[in-house]
C-alpha cells in the first residue's frame, strides 16, 4: 500500500512547507528525479545508477554536515531495495566521508509510513549527519534527529 506522499506535520521550515504545497498541488514527489532539480536548492553532488547525493536544503539545527542520499526510483520501503542499490549506497557514504574528511557521523534511512518515521516525504532516502563535539557538558546541546514517536 502506498503511503501519503507528503507529510506536512514533519516540516520544520516555512520555505519547506511552501515548496511541498506547490508539489502537492501537482501530485509530485520532491525526491523523484523530475522534480528534485527544479525544487531542490542545493546542487546534486553525485549521481549513481540508484542514488543521488545532495546537501539537505533544511539541515537539522546544530549539524556541521547534513546530506541526503535519495533513491532515484520512487520506492518507499526497504523491502523494495536491491542488493546492488545497497552496495552503491555504501559507496556513496564512503565517497562523502572521504571527500569531506568526516571525522564521525550518524546515518539514518527513512522508509515506509512517515507517520512512524518523522519524514516529510514518503520516498526512500538516507540522512548522513555530522554534528559538533562536546565543548562543555553544561553548554552543549545534543543534536536531535526524529526517527519516530514514543509508544
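Numbering (our numbering), first residue to last: 28 to 178. Note that the Cβ used here is the ideal one computed from N, Cα and C, for glycine as well.
Paired residues, beta bridge with residue 137 - DSSP: One-based indexing of the chain shown puts residue 137 at position 110. Bridge partners of residue 137: 152.
Segments assigned alpha helix (DSSP H), at least 4 residues, entirely inside the region 81-128: 110-126, all fully within the region 81-128.
Nearest-angstrom Cα separation, counted from residue 90 out to residue 123: Here residue 123 corresponds to residue number 96 of the chain shown, with the count starting at 1. Here residue 90 corresponds to residue number 63 of the chain shown, with the count starting at 1. Taking the straight line joining both Cα atoms gives about 15 Å.
From 143, 117, 55 and 70, residue whose alpha carbon lies closest to that of residue 33: Within the chain shown, residue 33 is the residue found at index 6, counting from 1. Nearest to residue 33 by C-alpha distance, out of 143, 117, 55 and 70, is 55.
Residue 28 to residue 162 span [Cα, whole Å]: By 1-based counting over the chain shown, the position of residue 28 is 1. By 1-based counting over the chain shown, the position of residue 162 is 135. Residue confidence is low: residue 28 scores 39 on pLDDT, short of 50, so the model does not pin down where it sits. Its coordinate-derived value is still stated next. Going by the C-alpha atoms only, they are around 46 Å apart.
Distance between residue 160 and residue 221 (C-alpha atoms, nearest Å): With the chain running from 28 to 178 in the structure shown, residue 221 is simply not present.
Neighbourhood of residue 138 by C-beta distance below 8 Å, restricted to the same chain and skipping five residues each side: On the chain shown, position 111 is the one that residue 138 refers to. Spatial neighbours of residue 138 in its own chain (CB-CB distance under 8 Å, excluding positions within 5 residues in sequence) are listed in chain order as 103, 104, 105, 144 and 151.
Buried or exposed (CB count within 10 angstroms, at least 16 for buried), residue 81: The residue you call residue 81 lines up with position 54 of the chain shown. Burial call: buried.
Member of 97, 107, 130 and 128 whose CA lies at the smallest distance from the CA of residue 116: What you label residue 116 is simply residue 89 of the chain shown in a count that begins at 1. The residue with the shortest Cα to Cα distance from residue 116 is 97.
Local Cβ density within 10 Å of residue 57, reported as buried at 16 or more and exposed below that: For the purposes of this step, residue 57 is identified with residue 30 of the chain shown, where counting begins at 1. Buried.
First and last residue of the uninterrupted beta strand (DSSP E) at residue 72: Position 45 of the chain shown holds residue 72. That run of the beta strand (DSSP E) goes 71-74.
Alpha-carbon spacing of residue 142 relative to residue 49, whole angstroms: Counting from 1 along the chain shown, the entry for residue 142 is found at position 115. Counting from 1 along the chain shown, the entry for residue 49 is found at position 22. Distance between the alpha carbons of residue 142 and residue 49: 21 Å.
CB-CB length for residue 77 against residue 112, believed under 8 Å: Against the chain shown, residue 77 aligns to sequence position 50. Against the chain shown, residue 112 aligns to sequence position 85. Contact between residue 77 and residue 112 holds: their C-beta atoms lie close to 4 Å from each other, under 8 Å.
Cβ-based burial, residue 158 [other Cβ within 10 Å; buried from 16]: Position 131 of the chain shown, counted from the first residue, corresponds to residue 158. Residue 158 is classed as buried because its beta carbon has at least 16 other beta carbons within 10 Å across all chains shown.
Buried or exposed by the 16-neighbour rule on C-beta atoms within 10 Å, applied to residue 94: Here residue 94 refers to the residue found at position 67 when the chain shown is read from its first residue. Classification of residue 94: buried, given that the 10 Å Cβ count is 16 or more.
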